[in-house]
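Below is one structure, written out as structure tokens; comments come after it.
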Amino acid sequence: MDDISNEFTIIDEGTDEGADDSEDAHSASSFNVSSLRRPTRKKRETDIRKTTRTCLDELHDALLRHQWTKAAEFMQNYIQVLEDSCSQQKMHSLQRVWRMGAEILRHHPDATVEDFNSFYDRMKHLQMSNYLKVSLEHAFYLISKDKIDDAKRQLSLAESWRYGKFSASQEKITKLIQAYHGLLDFSIWITKRNQLVENGSHDFADAASDQEMHTYFRQASSKFHEVIKQPGVWDPFVLCFVKLLEFYDDYNVAVQVLNNYAYADGFPANPNAQIYLYKFLKKNNADVKKLVKVLRVLHILVPSHKLMLKFCSLLDGLDKTKYQQESLKILFDLLDYSDWKDYHKVWKRLEKKISLVIKLGYSEWIKEQWESRKDWWPAFHFSTYQAKRNVSDNLNFACRKATIAGFLLSKKCRYFKVVYKEGMKANPKLMKKMKKRIEKSSIASQS
Numbered sequence: 052m053d054d055i056s057n058e059f060t061i062i063d064e065g066t067d068e069g070a071d072d073s074e075d076a077h078s079a080s081s082f083n084v085s086s087l088r089r090p091t092r093k094k095r096e097t098d099i100r101k102t103t104r105t106c107l108d109e110l111h112d113a114l115l116r117h118q119w120t121k122a123a124e125f126m127q128n129y130i131q132v133l134e135d136s137c138s139q140q141k142m143h144s145l146q147r148v149w150r151m152g153a154e155i156l157r158h159h160p161d162a163t164v165e166d167f168n169s170f171y172d173r174m175k176h177l178q179m180s181n182y183l184k185v186s187l188e189h190a191f192y193l194i195s196k197d198k199i200d201d202a203k204r205q206l207s208l209a210e211s212w213r214y215g216k217f218s219a220s221q222e223k224i225t226k227l228i229q230a231y232h233g234l235l236d237f238s239i240w241i242t243k244r245n246q247l248v249e250n251g252s253h254d255f256a257d258a259a260s261d262q263e264m265h266t267y268f269r270q271a272s273s274k275f276h277e278v279i280k281q282p283g284v285w286d287p288f289v290l291c292f293v294k295l296l297e298f299y300d301d302y303n304v305a306v307q308v309l310n311n312y313a314y315a316d317g318f319p320a321n322p323n324a325q326i327y328l329y330k331f332l333k334k335n336n337a338d339v340k341k342l343v344k345v346l347r348v349l350h351i352l353v354p355s356h357k358l359m360l361k362f363c364s365l366l367d368g369l370d371k372t373k374y375q376q377e378s379l380k381i382l383f384d385l386l387d388y389s390d391w392k393d394y395h396k397v398w399k400r401l402e403k404k405i406s407l408v409i410k411l412g413y414s415e416w417i418k419e420q421w422e423s424r425k426d427w428w429p430a431f432h433f434s435t436y437q438a439k440r441n442v443s444d445n446l447n448f449a450c451r452k453a454t455i456a457g458f459l460l461s462k463k464c465r466y467f468k469v470v471y472k473e474g475m476k477a478n479p480k481l482m483k484k485m486k487k488r489i490e491k492s493s494i495a496s497q498s
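Numbering (my numbering), first residue to last: 52 to 498.
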């Protein structure tokens, strides 16, 4: 700290010397006054930069050593230097001050809520361009300390704040602030609803606090409604909005909200939007074809999603033959991904599906799916190593995979041969039955 104090002393002395030089210049007509003032100004700016750099180096060192108390002292000096320096120096360093200062306070053993409030207020007014971002972070901190009312107050101030020309980035942050403000209203609504349940009051229409609860419902709903008009990913806010609407039995509006979120123009492709819509429709016993429509879009976005098995089940329950073809494709698509590679249920369903499709006389469907996979599936699923490992782990599973390998590649493929050879030692009857099925139905022999 003594070094920092000395640096400040140098700045002051440099300024006084500059004044003396200027006075001497007035008495000497052969000298230009401005030529003497420029070096003085440069010297003062150089001294400030040296002071700032020294302070910043000490601050970095304290942070790296987790010396939070020492870091806080240097931060105070660093902020003071910035406040006294030129605007260009400020703009370059304020972001750094904000991030480092917040980190110091989070770890400082004696930091209080008041310290955080004071720091964030100072940051807001030091860098007006980041006022909204700092306000949002301030609110997050207050929420973490269960200061919900204070957080709401900060967000309310930020919502109404304006400074200069309102940029597109500021508009986005304002929407985010509005969304989190709605989330706090929702949180209070949830708390009051749970209190009514705990008190044994299930008739919400007649409850004394129902009006207050409904007020928070309106506030949260209004904010969520405005926010999710803006294209973007608003998952937690959409879920909260739907929960509010669902509680008050506003089913149609909830479906409309979810549909807009999933399909409205301008919104990014978001698998979660399809999942939320599917789960809500299923929960409310929607028609199977509506569920299929939603899962079909999800399959395009995430063909490996776990709901694809449910999608297959829904398709299998429909009468038309075309749904069997779609179900076959979904099963093949699932097995393109390593997460499903050893999932027994998928292989079991694919074996049954292939057998059914062959029985129905649509072997070309299988050939169509196999065409794009024949160059890499043998190494991915049907290698010698895979065969030995599968037989060792589970003979029935290995037999199922060998049957599919035989359907696709014939009984001459490596996987089938290894499983058949090893399986004959443990269960000859099962192996002979498997071989007979392959000889009868393999699509490889039809090529």
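All C-beta atoms in this analysis are idealised placements derived from N, C-alpha and C, irrespective of residue type, glycine included.
Between Ile-326 and Pro-354, what straight-line distance do the alpha-carbon atoms span, to the nearest angstrom? 13 Å
Given that a residue counts as buried once 16 or more other Cβ atoms are within 10 Å of its Cβ, and exposed if not, what is Ser-493? buried
Looking at His-176 and Leu-206, is the spacing between their C-beta atoms short of 8 Å? no
CB-CB under 6 Å to Asn-83, same chain, minus the five flanking residues each way: which ones, in chain order? Low per-residue confidence applies at Asn-83: pLDDT is 37, beneath 50, and the placement is therefore not dependable enough to give any value.
In this structure, how does DSSP classify Trp-416 when only helix, strand and coil are distinguished? helix
Let me confirm a value: Ile-130 is counted as buried when at least 16 other C-beta atoms fall within 10 Å, else exposed. Which label applies? buried
Residue interval of the alpha helix (DSSP H) (run including Asp-48): No information on residue 48 is available, as it lies outside the stretch 52 to 498 that the chain covers here.
What is the DSSP secondary structure of Val-284, counted as helix, strand or coil? coil
Rounded to a whole number of angstroms, what is the C-alpha to C-alpha distance between Phe-298 and Lys-484? 57 Å
Status (buried if at least 16 other CB within 10 Å, exposed otherwise) for Lys-223: exposed
Secondary structure at Ile-405, three-state DSSP: helix, strand or coil? helix
For Thr-435, collect the residues of the same chain with a Cβ closer than 6 Å to its Cβ; drop the 5 residues on either side in sequence, then sort them by chain order. Arg-465, Val-469
Does the contact criterion of 3 or more C-beta pairs under 8 Å hold for the segment 292-306 versus the segment 258-274? yes
What residue does the alpha helix (DSSP H) around Leu-342 start on, and which one ends it? 339-352
Given this structure, state the Cα-to-Cα distance separating Pro-160 from Ala-123, to the nearest angstrom. 11 Å
Return helix, strand or coil for Cys-507, following the three-state DSSP convention. Only positions 52 to 498 of the chain appear in this structure, which leaves residue 507 out of reach.
Note down, in chain order, each residue of its chain lying with its Cβ closer than 8 Å to the Cβ of Asp-390, except the 5 sequence neighbours on either side. Ser-355
Am I right that Leu-385 and Tyr-374 are in contact with their C-beta atoms under 8 Å? What's the rounded C-beta distance? Going by Cβ atoms, the distance from Leu-385 to Tyr-374 rounds to 17 Å, so no, they are not a contact pair.
For the alpha helix (DSSP H) containing Gly-233, name the first residue and the last one. 219-249
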